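K.L.:
Got a structure for you, written out below as structure tokens; questions coming shortly.
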Amino acid sequence: MRKIFVITFLIQLLAFPQSTSFDFHSPQNIKLFADHLFCESDYLRAIEEYALIDGQFVNDTIDFKIMLSYSNLGLFKLSNEVFKRINNGSIIYPDSYLLSMKNELVIKSTPLEYSILSSFNLSQQKSFNRLVSVSTLYGEKPVVTKNDFLSVFSAEDHDIISHLYDYKFDPPYKSPTLAGIFSAIIPGSGKMYVGEWGDGITGLLVTGLFAFLAYDNFKADHTARAWLFTGVGAFFYAGNIYGSIASAQIFNAKIDFEFSNGLKVFLENKNYFLPEYDFCN
Amino acid sequence: MQSKLFFFLFILLITTSVFCQIENLKWQKENISYEKPDQFRKRNYSFQSDNAGEFIKKSLVNAYWFFISDVDGDNCAFQPTCSSFFIDATEETNIFQGSLMFSDRLIRDSNPFKINDYPRDKSGYYYDPAYNYTLSQGRIKYLPPTFVADDE
Amino acid sequence: MTSVIKIFLVVVFFVFSGTILIAQNSFEEQFNLAKKLYDQENYFDAVTEFKRLLYFSDKGVYNFESNFLIGLSYKNGNKFSDALQYFTLSDLSSTTSDEAFESRLEIIKINILRRTTERAFVLLDSLQNTAKFSNRIDEINYWRGWAYIFSDDWDKASATFSKIQNENQLVVFCDSIKSDFYNPQLAKYLSILPGAGQFYTGEYVSGFISIGWNVLWGYLTINAFIEDRVLDGVLIGSLLWWRFYSGNIQNAEKFALEKNLEITNSALRYLQNHFNGKKP
Chain D
1 MRKIFVITFL IQLLAFPQST SFDFHSPQNI KLFADHLFCE SDYLRAIEEY
51 ALIDGQFVND TIDFKIMLSY SNLGLFKLSN EVFKRINNGS IIYPDSYLLS
101 MKNELVIKST PLEYSILSSF NLSQQKSFNR LVSVSTLYGE KPVVTKNDFL
151 SVFSAEDHDI ISHLYDYKFD PPYKSPTLAG IFSAIIPGSG KMYVGEWGDG
201 ITGLLVTGLF AFLAYDNFKA DHTARAWLFT GVGAFFYAGN IYGSIASAQI
251 FNAKIDFEFS NGLKVFLENK NYFLPEYDFC N
Chain E
1001 MQSKLFFFLF ILLITTSVFC QIENLKWQKE NISYEKPDQF RKRNYSFQSD
1051 NAGEFIKKSL VNAYWFFISD VDGDNCAFQP TCSSFFIDAT EETNIFQGSL
1101 MFSDRLIRDS NPFKINDYPR DKSGYYYDPA YNYTLSQGRI KYLPPTFVAD
1151 DE
Chain G
2001 MTSVIKIFLV VVFFVFSGTI LIAQNSFEEQ FNLAKKLYDQ ENYFDAVTEF
2051 KRLLYFSDKG VYNFESNFLI GLSYKNGNKF SDALQYFTLS DLSSTTSDEA
2101 FESRLEIIKI NILRRTTERA FVLLDSLQNT AKFSNRIDEI NYWRGWAYIF
2151 SDDWDKASAT FSKIQNENQL VVFCDSIKSD FYNPQLAKYL SILPGAGQFY
2201 TGEYVSGFIS IGWNVLWGYL TINAFIEDRV LDGVLIGSLL WWRFYSGNIQ
2251 NAEKFALEKN LEITNSALRY LQNHFNGKKP
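Chains as they are written, first to last, in my numbering: chain D, 1 to 281; chain E, 1001 to 1152; chain G, 2001 to 2280.
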């Protein structure tokens, strides 16, 4: 009897370590799972899991990962809410400061007004300077000369950033008034001035055709038909002047779009000059 | 003691607000429809406002659609069509400015080489809404020719 | 051994047994929690709990079912690319041929739903050519029929369903839809006589208006030629008569296609809402 007890007891002793009770919701396990979700780019779930971690286990690195998750989901305001909790003495503070600058730039699209941190290392200083400089492109006027502006960026970016600078502060706009005047003198020329060659030539041909038909019918004494063609010709003539003014405005809107879209694409390709963080390897 | 309480309440507030925000962002069950999407143009024959001028104008356009446009095939490369553009243009501005916009649109429609100038809508027509031509610069929404518009 | 020690040993024995029973249930409990969330249609949270189980799982007992149910959750949320990813994982973690078959079937069903039916056909063919699934040819044909329905080929759908025993309801249904369709090519050719194509598709008003215009412009053109006003004749003929004539042909085809789309969509609506058999 005793032997049976001892044997079963020893068997269970062997079995015990392999089937210890597993706590899925212990703070350590929640953190492990949350880190895994973060590395899988499942950001919303990662944020939810991080929020479950018990207060005493929360640290600034976790808050920074939450910031990054919100930012990657496009929720920049929420990302900056999290920034408010990060201790300004912690080692991750400079990086989270830079990320908050990026969030602010995306939210407001205005020049950034941040002061440089003394705790920045060299690479972070560069990121800071580049972010602040590029944000001046959202302002009304240039803050520094073009050469000083370009010097902040790396040589490979000079072409693009120089082009963006020119588009912003010296845009090649076309004057709607001039376009209207040109089309009043020669129908279609206003559109050609704006660069719409096809529409300009069509306008010229259409107005010209009806003018010719009117003239021809007046000469042949078909007065009613002549006035009809005159009317239609005048309709297209006036419409063409209006259209030239409108197309100049659309051209200017296109310049603005190319600038803002070009800047957005450039910044996204550069990850807003922020370093790439690797928490997963 | 009081500051600790405030701090705790602050953390609680942030955590709960985070939870509420996350709850709103989670995707939900969605019913999948088996139906095929409809790619044919539909006319809107309804009358939008009450005044006499609008009534006359819309009646004329409706008559045009019914007797002529619906019968002579699909000739307009634009979306909205030139006649719908006229309706939109006169609604956005007034009859005179709308007529000028319409005249300009007819000229642009006559241009056989417009292939790279306009964005497309999902059925492949050139997307050219009336609000771009009202002469108020703030209303213009420029879209590049590579864009595919998804509204209406 | 004193009796105290004996009692002590008995107590320890039972505590250990109890703990082992509870411990082995942790993973099962987590699985049941996740499954309950899935059954309550709380799909986002269900996916979270299944992912948690998968991450900590070492023996992989629940791997197939977790991946499969994550896939179904994503499918019910209309997130097809995520669903496909997890059905592929469930296929890789399947332990029986039934499990592998179910996973691949779900992948095919998603391809049907998002109308990438060429892919669905390729996958169905590869399933059919796999030796271990050769006894499930009826099921494969059933889903092949559905793929034909979603690619608008009611003819082939009906033919495929006929190969299955006891699938008469769908055969009859597909045949009736097929017979309701208009033929767009026929509509076009009939329209060589203005108005005939529109009458064929049931659009009588449009047909009469079309006849009217064609007669008017045709008369004016021929009249102009008879009266030797050649330029006028050419202008009216090309700018007006031709526009209305070709428009009539284009319209007839468009009416046929529009009506066919309506028929298709009402059939698909019926299948979605009232058909009681298995659906994608």
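Glycine included, each C-beta is placed from N, C-alpha and C at the ideal position. Every value quoted in this text rests on a predicted model; they were computed, and no experiment measured them.
Applying a beta-carbon distance threshold of less than 8 Å, which residues of chain D neighbour residue 2055/G?
P.N.:
The contacting residues are 32, 33 and 36.
K.L.:
Within 10 Å of its beta-carbon, does residue 2194/G have 16 or more other beta-carbons around it, so buried, or fewer, so exposed?
P.N.:
Residue 2194/G should be labelled buried.
K.L.:
Could you tell me whether the region 2088–2098 of chain G touches the region 2053–2070 of chain G, using the rule of 3 or more Cβ pairs below 8 Å?
P.N.:
Touching, yes.
K.L.:
Can you look up residue 2171/G in the DSSP assignment and give me helix, strand or coil?
P.N.:
Note: residue 2171/G maps to helix in three-state DSSP.
K.L.:
In chain D, which residues lie with their C-beta within 9 Å of the C-beta of residue 2030/G?
P.N.:
The answer, in chain order, is 22 and 24.
K.L.:
Let's test the definition: count the other Cβ atoms within 10 Å of the Cβ of residue 76/D and tell me whether it reaches 16, buried, or not, exposed.
P.N.:
It is buried - the Cβ of residue 76/D has at least 16 other Cβ atoms within 10 Å.
K.L.:
Which partner residues does residue 1148/E have in the DSSP bridge list?
P.N.:
BP columns for residue 1148/E point to 1120/E.
K.L.:
I need the straight-line Cα distance from residue 956/E to residue 1080/E, nearest angstrom please.
P.N.:
Missing from the structure shown is residue 956/E; chain E here goes from 1001 to 1152 and no further.
K.L.:
Counting only beta-carbon atoms, is residue 1071/E nearer than 7 Å to chain G?
P.N.:
Yes, its Cβ sits closer than 7 Å to a Cβ of chain G.
K.L.:
Near residue 1114/E, what residues of its chain come up, given a Cβ to Cβ distance below 8 Å and the 5 sequence neighbours on each side ignored?
P.N.:
These residues qualify, in order along the chain: 1077, 1108 and 1126.
K.L.:
Just by C-beta distance, which residues in the region 1089–1109 of chain E are closer than 8 Å to chain G?
P.N.:
Within the region 1089–1109 of chain E, no residue qualifies.
K.L.:
Buried or exposed for residue 240/D, going by 16 or more other Cβ atoms inside 10 Å?
P.N.:
So residue 240/D counts as buried.
K.L.:
Classify residue 242/D as buried or exposed, calling it buried when 16 or more other Cβ atoms lie within 10 Å of its own Cβ.
P.N.:
Flag for residue 242/D reads buried.
K.L.:
At a CB-CB cut-off below 8 Å, which residues of chain D make contact with residue 2026/G?
P.N.:
Those are 21, 22, 23 and 24, listed as they occur along chain D.
K.L.:
Helix, strand or coil for residue 1078/E, going by three-state DSSP, please let me know.
P.N.:
Residue 1078/E falls in the strand class under three-state DSSP.
K.L.:
If you draw a straight line from the alpha carbon of residue 2003/G to that of residue 2027/G, how long is it in whole angstroms?
P.N.:
Spanning the two alpha carbons is a distance of roughly 38 Å.
K.L.:
Note down, one range per segment and in chain order, each alpha helix (DSSP H) of at least 4 residues found wholly within the region 2187–2263 of chain G.
P.N.:
DSSP runs (the alpha helix (DSSP H)) wholly in the region 2187–2263 of chain G: 2196–2200, 2204–2226 and 2230–2235.
K.L.:
Taking the alpha-carbon positions, what's the residue 2116/G to residue 1105/E distance?
P.N.:
The alpha-carbon atoms of residue 2116/G and residue 1105/E are separated by roughly 39 Å.
K.L.:
Could you name the residues that DSSP lists as bridge partners for residue 1127/E?
P.N.:
Paired residue(s): 1079/E.
K.L.:
Distance, Cα to Cα, residue 87/D vs residue 93/D?
P.N.:
Rounded to whole angstroms, residue 87/D to residue 93/D spans 7 Å at the Cα level.
K.L.:
According to a CB-to-CB cut-off of less than 9 Å, which residues of the region 1030–1049 of chain E neighbour chain G?
P.N.:
Taking 9 Å as the Cβ-Cβ cut-off against chain G, the residues of the region 1030–1049 of chain E that qualify are 1030, 1031, 1032, 1033, 1034, 1035, 1036, 1038, 1039 and 1040.
K.L.:
What residues from chain E crowd round residue 2144/G, counting only those whose CB sits closer than 8 Å?
P.N.:
Here the premise fails: no neighbours, minimum Cβ distance about 17 Å.
K.L.:
Alpha carbon to alpha carbon, what distance is there between residue 211/D and residue 229/D?
P.N.:
C-alpha separation (whole angstroms): 7 Å.
K.L.:
Taking the straight line between their C-alpha atoms, what separation do you get for residue 1134/E and residue 218/D?
P.N.:
So the two alpha carbons sit approximately 36 Å from each other.
K.L.:
Using the C-alpha atoms, what's the distance from residue 1082/E back to residue 2258/G?
P.N.:
Going from the Cα of residue 2258/G to the Cα of residue 1082/E covers about 23 Å.
K.L.:
Between residue 2078/G and residue 67/D, what straight-line distance do the alpha-carbon atoms span, to the nearest angstrom?
P.N.:
Rounded to the nearest angstrom, the two C-alpha atoms are 28 Å apart.
K.L.:
Spatial neighbours of residue 18/D within its chain, please: CB distance less than 6 Å, with the 5 preceding and 5 following residues excluded, ordered by chain position.
P.N.:
Reliability of the predicted coordinates at residue 18/D is poor, the pLDDT of 49 falling under 50, and no value is obtained from them.
K.L.:
Please decide whether residue 45/D counts as near chain G, where near means a Cβ-Cβ distance under 7 Å.
P.N.:
Residue 45/D counts as touching chain G.
K.L.:
For residue 120/D, does the three-state DSSP call read helix, strand or coil?
P.N.:
If DSSP states are grouped into helix, strand and coil, residue 120/D belongs with coil.
K.L.:
Just verifying my parser: in three-state terms, what is the DSSP assignment at residue 1115/E?
P.N.:
Residue 1115/E falls in the coil class under three-state DSSP.
K.L.:
Report the neighbours of residue 1137/E on chain G: residues whose CB is nearer than 8 Å to its CB, in chain order.
P.N.:
Under the 8 Å cutoff, chain G gives no residues; its nearest Cβ is about 38 Å from residue 1137/E.
K.L.:
Would you identify the three-state DSSP class for residue 2127/G, choosing helix, strand or coil?
P.N.:
Residue 2127/G: helix per DSSP, three-state reduction.
K.L.:
Using three-state DSSP, classify residue 18/D as helix, strand or coil.
P.N.:
The predicted position of residue 18/D is uncertain, since its pLDDT is 49 and thus under 50; no value can be drawn from it.
K.L.:
How close, in whole Å, do the beta carbons of residue 2076/G and residue 1029/E come, if the pair is a contact with beta carbons under 8 Å?
P.N.:
Contact flag correct, Cβ pair sits at about 5 Å.
K.L.:
Tell me, please, whether the CB atom of residue 242/D is closer than 7 Å to any CB atom in chain E?
P.N.:
Closer than 7 Å: yes.
K.L.:
Which residues of chain G have a Cβ atom closer than 8 Å to the Cβ of residue 1067/E, listed in chain order?
P.N.:
Neighbours of residue 1067/E on chain G, chain order: 2209.
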